[in-house]
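Taking the working numbering, the leading residue of the sequence shown gets 83, the next gets one more, and so forth.
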Amino acid sequence: MTATCLAFGHVELVSEPETWNYSVTASPGAVPADVARALKAAEKLGLEPILDEDPELLPDGSARMWLHPTDPEIDPFETETLCTSSN
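Below is the structure:
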């Protein structure tokens with residue numbers, strides 16, 4: 083299975099199922115509404131932010147928020163590969 087990417091303006095919802103890495107990354111210039119849309123999409127996919135972990139600041143100025151499945155027994159990206167943009 084390959085990585086998954088959903089783009090919302092300057093915000094990406096990313097999944098790497100092979101390693102169970104799920105995140106929302108906001109690039110410089112991202113607006114709060116796009117972050118909210120990415121988190122709403124994550125929720126629909128059965129993912130939620132890891133609340134006890136602060137966002138990670140990346141060298142390019144982006145901020146990454148790590149996610150985890152709401153039900154650890156289910157991989158929300160198991161059945162299909164998505165890569166779409168809502169720009």
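All C-beta atoms, glycine included, are put in the ideal place defined by N, C-alpha and C.
Contacts around residue i, its chain only, beta-carbon distance under 6 Å, and the 5 residues preceding and following it disregarded
| i | result |
| --- | --- |
| P110 | G143 |
| A120 | F90, V93, L95 and V106 |
Residue range of the unbroken beta strand (DSSP E) whose run includes residue i
| i | result |
| --- | --- |
| A89 | T86 to F90 |
Under the three-state DSSP convention, the category residue i falls into
| i | result |
| --- | --- |
| L133 | coil |
| E138 | strand |
Residues sharing a beta bridge with residue i, DSSP
| i | result |
| --- | --- |
| S144 | Looking at the DSSP assignment, S144 forms no beta bridge with any residue, so it has no partner. |
| T107 | E94 and R146 |
Cβ shell of residue i (< 7 Å), same chain only, five flanking positions each side left out
| i | result |
| --- | --- |
| T101 | none |
Span of the alpha helix (DSSP H), counted from its first residue to its last, around residue i
| i | result |
| --- | --- |
| D116 | P114 to K126 |
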